[in-house]
DNA sequence: TTTAGCACTCGAGGAACATGAGTGCTAAAC
DNA sequence: GTTTAGCACTCATGTTCCTCGAGTGCTAAA
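Protein chains in written order, with this note's numbering: chain A, 1 to 351; chain B, 352 to 702.
Laid out in structure tokens, this is it:
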């Protein structure tokens with residue numbers, strides 16, 4: 001399976017020109033670009049070999065060759081140069097991330113948007129919490145006579161609140177009592193445990209009080225559910241239309257639809273808990289049908305200690321892998337760093 | 352300018368078949384569909400008149416006619432039947448809205464999604480607050496030693512919070528003091544007034560305390576800004592691709608891009624403070640360039656007493672106006688009703 | 001092992017042509 | 001005066017056929 005150096009150079013030339021032009025590459029073009037001092041005939045022989053070995057494909061008898069999924073895979077694994085980002089680009093990224101730091105969601109959204117702009121492909125983002133999230137504390141604040149604010153803080157430091165109206169009104173001692181019950185019985189419990197506890201409590205608590213408790217606990221459960229759920233978000237979907245493989249709407253539509261329906265639970269393209277923090281899936285390597293003809297380059301990053309996020313670029317198999325991976329890995333590192341973790345200095349790639 | 356009854360019937364037949372088929376309508380088709388007992392030749396004469404008066408257009412000499420913007424306008428204003436929604440559809444809408452009632456944003460998003468599904472067009476939503484929003488109260492909750500939660504409630508009953516870390520920690524009395532200052536000096540102020548007050552305060556307050564105050568007030572100002580800003584959101588963008596006028600990517604792209612960039616300040620398609628609560632903009636009537644070839648049907652609804660929202664459907668000028676307006680007006684009414692306002696019973700349209 | 005030469009394949013692009021839907025006009029019919 | 005039938009004309013669409021050329025595989029010579 002080990003390819004000769006010359007074969008590698010040829011393959012690389014083909015992949016790169018195909019990435020650039022989106023058109024099958026013929027022997028003549030390779031002869032010029034690969035920097036080898038051999039004739040087109042020799043190249044043709046080598047190309048025939050590569051085709052036989054499954055690294056190249058012919059759309060039809062007399063067109064040039066295009067890389068197969070295996071060809072891209074080899075390119076990505078062994079042949080590709082790491083690209084450097086320009087100063088301008090790093091600047092752009094940093095700006096986007098530092099800007100206020102605001103809320104987690106918004107930073108991530110913004111990150112997706114910028115990445116999509118500098119990579120020319122759509123970008124999706126996803127954040128997944130660790131398995132077990134619990135509520136760290138409850139706070140209740142009376143407002144006016146007939147409503148209070150319930151503030152729930154989870155152990156991954158997310159704080160959510162809700163305005164709860166109660167027809168009858170509530171006295172201060174009642175409120176404190178409620179707060180005490182919540183903080184003593186529901187702190188440290190997972191969603192499921194909360195549900196159990198609530199059930200048990202129902203029988204041996206005064207009905208009026210129980211309903212109030214249930215109201216707040218249900219809200220807390222929603223918050224936990226919301227945290228655990230993977231939030232899928234996509235940016236720059238229209239970038240897809242820039243690339244010739246999606247000029248035909250029949251191709252573009254399923255993928256766009258897949259990226260668009262943000263709310264739905266997203267069968268995530270691949271495990272995000274593999275050790276590596278950069279992952280490339282080429283065409284058929286994707287499980288999901290909508291992605292069969294596309295490649296996904298994704299990187300994961302840490303959000304504090306308890307959560308992990310994924311940010312990924314979606315594009316045609318003929319994607320500019322070198323460019324994308326460079327930008328993506330810088331992005332992921334920046335995100336991790338900004339969420340508070342120190343990174344080891346990046347290893348220099350040995351060339 | 353008053354058209355004969357026959358001309359109206361012909362125009363209506365043309366608009367409706369063109370809406371259904373997306374293809375120029377010829378005299379023969381009209382003769383069959385309009386329910387008039389005249390020959391195609393007569394129809395042709397009438398169609399020639401209508402073309403001259405600007406209600407119809409010819410793509411080229413020997414194709415059928417298509418409605419012009421003026422034609423659609425006439426159709427919408429006078430000719431169109433109001434459609435009834437099926438029981439199933441109202442059911443669907445009600446489900447989508449009632450489901451939990453949760454947060455305002457989420458309900459609206461969900462509404463957009465459902466509307467987009469039942470109308471087959473993309474839908475945008477927008478919410479705009481009234482002019483002056485102020486903070487109604489501040490609450491501060493200590494968590495751990497080095498952080499507290501700031502809870503801000505605005506006078507339109509939106510509650511937001513933020514976790515604020517402070518290196519040194521804060522004693523309980525300090526916290527209460529802070530809370531007192533905030534509630535006495537910053538409640539009832541608009542964003543701009545807050546800024547002023549903060550500036551004045553800077554000179555005559557202890558530096559340490561001032562920074563804390565500034566931290567919270569800045570957050571409150573963000574909340575207010577966020578409220579005032581019109582939030583534009585779109586759903587079902589890929590529905591666009593279902594319609595033949597957007598099969599060509601060059602047509603689809605600008606519009607998709609316009610709908611996609613949610614974050615940006617959106618030059619809103621039209622005033623939402625016109626008295627009417629249903630508004631139809633046909634093709635060139637749109638100010639925005641990206642919408643020049645599309646129609647927008649939008650309805651506004653009230654969110655409580657202080658805010659107003661707009662929900663709109665975007666599609667080709669050949670849009671099924673009858674269907675869309677029916678669904679949209681039901682939607683807008685439902686939204687208004689669900690946000691607490693009693694509606695007068697709908698007037699029966701006199702036919 | 002490499003190269004030159006050559007016949008072969010096959011898609012892209014273009015010209016020529018037929019088709020047919022739809023039109024406008026005119027003259028006859030009502 | 002209005003409606004209708006008839007007819008010539010226009011023009012987008014689809015089809016066929018052809019050429020062109022890039023690229024291939026194979027063979028024989030270097």
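Just so it is clear, CB atoms sit at the ideal spot from N, CA and C, and this is done for glycine as well. As the structure is a prediction and not an experimental result, all values here were calculated from the model.
*On a CA-only basis, which of B:357, B:360, B:431 is nearest residue 670 (chain B)? Give me that one, please.*
B:431
*Using only alpha-carbon positions, find the residue among A:83, A:124, A:29 that is nearest to residue 256 (chain A).*
That would be A:124, whose Cα lies nearest to the Cα of residue 256 (chain A).
*Does the beta carbon of residue 479 (chain B) fall short of 7 Å from some heavy atom of the ligand PLP?*
Within the structure as shown, the ligand PLP is missing, as the structure has no ligands at all.
*Comparing the C-beta of residue 339 (chain A) with each C-beta of chain B, is any distance below 8 Å?*
no
*Under a three-way DSSP split, which group does residue 317 (chain A) fall into?*
coil
_Given this structure, state the Cα-to-Cα distance separating residue 212 (chain A) from residue 160 (chain A), to the nearest angstrom._
18 Å
*With a Cβ-Cβ cutoff of 8 Å, do residue 651 (chain B) and residue 628 (chain B) count as a contact?*
yes
_Using 8 Å as the cut-off, can you tell me whether the stretch 168 to 182 of chain A makes contact with the stretch 234 to 248 of chain A, which would need three or more C-beta pairs spanning the two stretches below that distance?_
no
*Expressed to the nearest angstrom, what Euclidean distance is found between the alpha-carbon atoms of residue 66 (chain A) and residue 279 (chain A)?*
23 Å
*Under the DSSP definition of a beta bridge, which residues are partnered with residue 408 (chain B)?*
Partner(s): B:417.
*Would you kindly report the start and end of the unbroken beta strand (DSSP E) that includes residue 360 (chain A)?*
The question about residue 360 (chain A) has no answer here: the residues shown for chain A are numbered 1 through 351.
*Start and end of the beta strand (DSSP E) containing residue 583 (chain B)?*
582 to 586
*Determine whether the Cβ of residue 502 (chain B) lies closer than 8 Å to any Cβ atom of chain A.*
Proximity of residue 502 (chain B) to chain A, defined by a Cβ-Cβ separation below 8 Å, is satisfied.
_Please state the DSSP three-state secondary structure of residue 139 (chain A)._
strand
*Sorted by chain position, which residues of the same chain lie with C-beta nearer than 6 Å to residue 40 (chain A)'s C-beta, five sequence neighbours on each side aside?*
27, 28, 31
*asked:* Can you tell me whether residue 659 (chain B) is buried or exposed? The criterion is at least 16 other CB atoms within 10 Å of its CB, across all chains shown.
replied: Classification for residue 659 (chain B): buried.
*With a cut-off of 8 Å, does the C-beta of residue 139 (chain A) fall near any C-beta of chain B?*
yes
*What's the C-alpha gap between residue 447 (chain B) and residue 409 (chain B)?*
43 Å
*Along the beta strand (DSSP E) that carries residue 302 (chain A), what are the first and last residues, could you check?*
294 to 303
_Could you check whether the Cβ of residue 551 (chain B) sits closer than 8 Å to any Cβ belonging to chain A?_
Not an interface residue.
*CB residue 399 (chain B) to CB residue 375 (chain B), shorter than 8 Å?*
no
*Should residue 515 (chain B) and residue 575 (chain B) be called a contact, given that it needs their Cβ atoms to be closer than 8 Å?*
no
_For a cutoff of 8 Å on Cβ pairs, would you count residue 205 (chain A) as touching chain B?_
no
*the stretch 432 to 442 of chain B touching the stretch 665 to 684 of chain B, judged by at least three CB pairs closer than 8 Å*: yes
*What in chain B is Cβ-close to residue 257 (chain A), meaning under 8 Å?*
589
*Taking Cβ-Cβ distances shorter than 8 Å, what residues in chain A pair up with residue 512 (chain B)?*
151, 159, 160, 161
_Taking its Cβ as the centre, do 16 or more other Cβ atoms sit within 10 Å of residue 356 (chain B), making it buried, or is it exposed?_
exposed
*Tell me, please, whether the CB atom of residue 669 (chain B) is closer than 8 Å to any CB atom in chain A?*
Chain A, which has no Cβ nearer than 8 Å to the Cβ of residue 669 (chain B), makes this no.
*chain B beta carbons: is any one of them nearer than 8 Å to that of residue 191 (chain A)?*
no
*asked:* Count Cβ pairs between the stretch 364 to 371 of chain B and the stretch 138 to 157 of chain A that sit closer than 8 Å; are there 3 or more?
replied: no
*Using a Cβ-Cβ cut-off of 7 Å (strictly less than) and excluding sequence neighbours within five positions of residue 348 (chain A), which residues of its own chain qualify?*
Interpretation of residue 348 (chain A) is limited by its pLDDT of 46, a score under 50 that renders its predicted location unreliable; the figure taken from the coordinates is listed afterwards. Around residue 348 (chain A): no qualifying Cβ.
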